[in-house]
Every structure is written in C-alpha cells, then in structure tokens.
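Quick note: the sequence shown uses our numbering, first residue 1, plus one each step.
Worksheet: one structure, shown below.
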Amino acid sequence: MRLFRHRPSVGIGVDFGTSSVKVVELVRGRSGFRLVTYAVTRQPNLLLDNNAPDSVPRAAVLLRAMFQRAHVSHGEVAAALPVLSVFSTVLELPQMPERELSSAVTFMAKNYVPSPLTEVVLGWLTIGPPEDLNRSAPAESAPVGEGQGSSSFARLGTGAAAAPRPVAGAPLSPTRSLEIRKIQEVFLTAAPRELVGRYTALFERLNLRLAALEVESFPLARSLIRGDRRPILLVDLGDRTTSFSIVERGYLRLNQAIDVGGEAITNAIAKKLSLPIDQAEQRKRAEGLSSSAEAGAAGTSDIGSSIAAILRPLVMEIITRAEVVRRLYERKSHRALAAVQLIGGGARLPQLAAFWTSVTGVPCEVGNPWRGISVPAPLTEHLRRLGPSFSVAVGLALRPFEES
C-alpha cells in the first residue's frame, strides 16, 4: 500500500528488516532487468524504536555508509514498513465515482482503525476492477479470478486438520461464484504517523527523495508473483516475525503477521542442546528438517534427528497460523489457495518447503526474487542463496518500472 507516492526515476529499494538493512539498485535495458549493485548490513531496524531520540541520525549514518560502499546511485528510493507496524483491512463499499471514494474511505476508516485518525497516515488502494468483482460468470481455469482479503488484525483461531483441497483457484461454492455483487473492495492501511515521520526524516537527512513508502507485502508480491494470477500465499519468515500475505491477480487480498520467527527457533535449539547461539544457528541452517534417513545418509543420523525434533513443533506453529489465514481467505473468497512461497531468511531452512507441502497438501517452494533479473555471473550462486531475504528490497527496486 503506497502511503504516499511520486514518480521515481531510479530503481532503488531500501528494506529495513527486523535484523538487517538491504539495498538493491536495478536498471531496465533492452534485454530486461539488470542488477547494478546491492548491499546488506546486519542491524536491527533502528526506526522502530520509539524511545530512541537518535534513531534517525544513527540510521542515516548506517545507510549513507551502505550507499557509499556499494556505489548506489543518488536518486529516488522506495522503502517499506513492517507488516506488524501497520493496520490493514479490506473494506467493501458500494460502487461510486472515484471522486467520492476518498471521503467514503476516510469515513469508514474511523470504524476500523484502532487509533485516532490524527495519529496515523491513511493509505488505500482499490484491489480489483469493479467489473471483475460484479460480473456473473462461471469459474475460470488458472489464472483465476478475484478473491477477498481480511484484516491483518483479524482474530486467529486454533488450527485444525486441513480439509480435502479442491482444485486451486476454482470456486468453492458455485452459487456464490455466480452471485452478482454490486460492491468494490478497497485495501486500507493505517501507519503510525510518528513512524512514517522517522522514515521521511531519514531520507531527507540523506538528501534522497522518498518516492514511495509501502507496506512490505506489496514489494514482496511485486518481486515474486510477476504475471502469476493465481491465489498464492507468501510467507515471510523473518528473524523476529513471520508475515502471511495472500495475493491474487496482482492484488493483496489478506495480510497478517505473528511474533514468531527464526530467532525463536534458534533459541529453542540453543536451550535444548545447551549450545551457544551462533552454533545453534549453524546447526539449524545445516540440518533443518532433514529426516532421520536423510541425516543418516549424510553421516549425522542422531544429530539430524535431534535438530528436526526440536524444529518441528515450532515450524508447525507457523504452519498452523498459515492454515488459519488460508481458511480465512478461502471462506471469504470461495476460491482455493494455489501455492505457497517461502521468503525471508527462514526460508533457507533445509527441507522446510517439502515439509510444508507434506503437512498441508499445498505446493510450496522457496521464492526467488532474482527470477528474470540479470546478475553478474560470479554472484549468481551467492545471490541465489540470499534470494529469499532480498525479496522486499528487490520488489521496492522494481516499483518504478511497473509505473513506466
């Protein structure tokens, strides 16, 4: 969701993640997109600290050093706000002229946003052509039709066993799919005004024009679901949080997040096996959810089994929450989820995608934001490994090209 926007001229994305800062610069030539440069630094997001008056100056020093080290162009940039920091919901409004929509959204926001409107920056986006939402038509084959979203603060219930899965993208209710709906859907966001102010102050200090400030789910969708119109669940496994975003036909339909991430998994391994944090992290990344047979083939049967046994309950907690999100989407949209893509640093956990598929029956893979982007040959393998954690930064860098 673009909280404000201008027309940028440089494809530069800056992603302040929970544990690292990433910068990507892209250009588009005759043969497609090309990576110009990138940078990454391990550093928690200083801008999220409400009690640190020096957060903006410190973040500016860090980002200036990254730009200089990587020789990033001094132009317009796009940045993203964490899902957990932004309230979002989907509004259903009667069809009305565009000139009336803004006042209607603002009026409705008073009933949904949990903070006074004077304390937030509102953003909104219509998430489907009205003719697609209101026509009476049978089911499409893939690519599929429209779905609906839900609030990122929706109440989550306990998980249950997955029901038999229908064909991906097909209506779950023939009656509902033929229903004529004289409405339009609007994706509403509300970001804390103080947080938005810190982001804008940071880039002003660096003499960089902030062309767009988005909720991070939007650049995720942009980098990973280019041209895929099916309903897809993006699971961003960060160090401290995990976000769930369902995208269909290029529109964000549902957005939620939880306070569980890779750090909790590493800490559990460290506690269970009495290991230092750095060793627990190494074991997690090396062994992951490998089965006893796979670990045995590698000569680490006992070790692999113990790591997998520690990981499975924590991973199941994330999968259970994802299944709640899936059911919310399918119940409202009456369409089946087609696939899951894992991104973020936690997506590199060995065998996670295969384990996810075996539990849910939904095809799952690790997302690749570098798909279709030319990168220097010596960096190909390195960037492939880093790929899942660069999804937001790549999506932000792609933003100006989708508007040109």
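Every residue gets a Cβ at the ideal spot worked out from N, C-alpha and C, and that includes glycine.
Next on the checklist: So, with DSSP's three-state summary, where would you put residue 310?
Outcome noted: By 1-based counting over the sequence shown, the position of residue 310 is 310. Look at residue 310 here: in three-state DSSP terms it is helix.
Checklist entry - With DSSP run on the structure shown, which of helix, strand or coil describes residue 121? => result Here residue 121 refers to the residue found at position 121 of the sequence shown. Residue 121 carries a strand assignment under DSSP once its states are collapsed to helix, strand and coil.
Checklist entry - By DSSP, does residue 342 sit in helix, in strand, or in coil? => result Residue 342 sits at position 342 when you count from the first residue of the sequence shown. Residue 342 falls in the strand class under three-state DSSP.
Checklist entry - For residue 255, which of helix, strand or coil comes out of DSSP? => result If you number the sequence shown from 1, residue 255 lands on position 255. Annotated three-state conformation of residue 255 is strand, per DSSP.
Checklist entry - residue 22 bridges to which residues according to DSSP? => result Position 22 of the sequence shown holds residue 22. Answer is 15, 40, bridged to residue 22.
Next on the checklist: Applying the 10 Å Cβ sphere with the 16-neighbour rule, what's the burial state of residue 164?
Outcome noted: Taking the first residue of the sequence shown as 1, we reach residue 164 at position 164. Confidence at residue 164 is low in this model, with a pLDDT of 36, below 50, so its placement is unreliable and no value can be given for it.
Checklist entry - Is residue 225 helix, strand or coil by DSSP? => result Position 225 of the sequence shown holds residue 225. Residue 225: coil per DSSP, three-state reduction.
Checklist entry - Taking DSSP as the reference, what is the three-state secondary structure of residue 194? => result Locating residue 194 in the sequence shown gives position 194, counting from the first residue. Taken through DSSP and simplified to helix, strand or coil, residue 194 comes out as helix.
Item to check | Through-space distance from residue 392 to residue 219, alpha-carbon basis | outcome: By one-based count along the sequence shown, residue 219 stands at place 219. By one-based count along the sequence shown, residue 392 stands at place 392. Taking the straight line from one Cα to the other gives about 5 Å.
Checklist entry - If you drop the 5 nearest sequence neighbours on each side, which residues of the same chain put their C-beta closer than 7 Å to that of residue 92? => result Walking along the sequence shown from the start, residue 92 turns up at place 92. Contacts found: 183, 185.
Checklist entry - For residue 373, which three-state DSSP category applies? => result Residue 373 sits at position 373 when you count from the first residue of the sequence shown. DSSP, reduced to helix, strand and coil, places residue 373 within a strand of the structure shown.
Next on the checklist: When you compare the region 223 to 231 with the region 281 to 288, are there three or more beta-carbon pairs, one atom per stretch, that lie closer than 8 Å?
Outcome noted: Contact annotation: the region 223 to 231 does not touch the region 281 to 288, with fewer than three C-beta pairs closer than 8 Å.
Next on the checklist: Within 8 Å, do at least three Cβ pairs link the region 361 to 369 to the region 342 to 350?
Outcome noted: Yes: the two stretches touch, three or more of their Cβ pairs being nearer than 8 Å.
Checklist entry - Would you call the CB atoms of residue 216 and residue 383 closer than 8 Å? => result Locating residue 216 in the sequence shown gives position 216, counting from the first residue. Locating residue 383 in the sequence shown gives position 383, counting from the first residue. Note that the C-beta distance between residue 216 and residue 383 is not below 8 Å.
Checklist entry - Would you report the Cα separation of residue 124 and residue 72, rounded to the nearest angstrom? => result Residue mapping note: residue 124 aligns to position 124 of the sequence shown, counting from 1. Residue mapping note: residue 72 aligns to position 72 of the sequence shown, counting from 1. The C-alpha of residue 72 is placed about 31 Å away from the C-alpha of residue 124.
Next on the checklist: Mapping the DSSP letters down to three states, classify residue 468 as helix, strand or coil.
Outcome noted: For the chain, the structure presents residues 1 to 404; residue 468 sits outside this window and is missing.
Next on the checklist: Between which residues of its own chain and residue 310 is the CB-CB distance below 7 Å, once the five residues before and five after are set aside?
Outcome noted: Along the sequence shown, one-based indexing puts residue 310 at 310. The residues are 268, 269, 272.
Checklist entry - Considering only residues of the same chain and omitting the five flanking positions on each side of residue 353, which have a CB-CB separation below 7 Å? => result Start at 1 with the first residue of the sequence shown, and residue 353 comes out as number 353. Here the set comprises 342, 364, 365, 366.
Item to check | Validate contact between the region 318 to 338 and the region 228 to 243 using beta carbons, cut 8 Å, 3 pairs | outcome: A contact between stretches requires three or more CB pairs, one per stretch, nearer than 8 Å, and the region 318 to 338 meets this requirement with the region 228 to 243.
Next on the checklist: Within 10 Å of its beta-carbon, does residue 239 have 16 or more other beta-carbons around it, so buried, or fewer, so exposed?
Outcome noted: Here residue 239 refers to the residue found at position 239 of the sequence shown. By the Cβ neighbour-count rule, residue 239 is buried, with 16 or more other Cβ atoms within 10 Å of its own.
Next on the checklist: For a test of your reading of the model: does the CB of residue 120 fall under 7 Å from any non-hydrogen atom of the ligand MN? Yes or no.
Outcome noted: Ligands are entirely absent from the displayed structure, and the ligand MN is therefore not among its contents.
Checklist entry - Does the pairing of the region 55 to 68 with the region 187 to 194 give three or more beta-carbon distances under 8 Å? => result Touching, no, given that fewer than three Cβ pairs across the two stretches are closer than 8 Å.
Checklist entry - Among 127, 33, 21, 16, which residue has its Cα nearest to the Cα of residue 402? => result Numbered from its first residue, the sequence shown carries residue 402 at position 402. Closest option to residue 402, Cα to Cα, is 33.
Next on the checklist: If you follow the alpha helix (DSSP H) that residue 87 is in, where does it begin and where does it stop?
Outcome noted: Reading the sequence shown from its first residue, position 87 is the one you call residue 87. Note, residue 87: premise wrong, no alpha helix (DSSP H); beta strand (DSSP E) at 87 to 94.
Checklist entry - Per DSSP, what kind of secondary structure is residue 52 in: helix, strand or coil? => result In the sequence shown, counting from the first residue as 1, residue 52 sits at position 52. In the structure shown, the three-state DSSP call for residue 52 is coil.
Item to check | residue 405, buried or exposed, once every other Cβ within 10 Å from all chains shown has been counted against 16 | outcome: In this structure the chain extends from 1 to 404, so residue 405 is not present and cannot be described.
Item to check | Distance CB(residue 397)-CB(residue 25) smaller than 8 Å | outcome: If you number the sequence shown from 1, residue 397 lands on position 397. If you number the sequence shown from 1, residue 25 lands on position 25. For residue 397 and residue 25, yes; Cβs fall inside 8 Å.
Checklist entry - In whole angstroms, what is the alpha-carbon distance linking residue 390 and residue 20? => result For the purposes of this step, residue 390 is identified with residue 390 of the sequence shown, where counting begins at 1. For the purposes of this step, residue 20 is identified with residue 20 of the sequence shown, where counting begins at 1. C-alpha of residue 390 to C-alpha of residue 20: approximately 10 Å in a straight line.
Checklist entry - What three-state label does DSSP hand residue 248 in the structure shown? => result Working through the sequence shown from its first residue, we reach residue 248 at position 248. Per DSSP, reduced to three states, the secondary structure at residue 248 is strand.
Item to check | Where residue 213 falls, given that 16 or more other Cβ within 10 Å makes a residue buried | outcome: Sequence index remark: in the sequence shown, residue 213 carries index 213 (1-based). Buried is the call here.
Checklist entry - DSSP on residue 62, reduced to helix/strand/coil? => result Counted from its first residue, the sequence shown places residue 62 at position 62. Correct three-state label for residue 62: helix.
Checklist entry - alpha helix (DSSP H) containing residue 268: first to last residue? => result Sequence index remark: in the sequence shown, residue 268 carries index 268 (1-based). From DSSP, the alpha helix (DSSP H) with residue 268 extends over 262 to 273.
Checklist entry - So, is residue 66 buried or exposed, given that buried needs 16 or more other C-beta atoms within 10 angstroms? => result Along the sequence shown, one-based indexing puts residue 66 at 66. It counts as buried.
Checklist entry - Name the DSSP bridge partner or partners of residue 183? => result Here the question's residue 183 lines up with position 183 in the sequence shown. Residue pairing of residue 183 in beta bridges, as defined by DSSP: 94.
Next on the checklist: Using only the alpha-carbon positions, how far apart do residue 41 and residue 22 sit?
Outcome noted: Along the sequence shown, one-based indexing puts residue 41 at 41. Along the sequence shown, one-based indexing puts residue 22 at 22. Between the alpha carbons of residue 41 and residue 22 lies a distance of about 7 Å.
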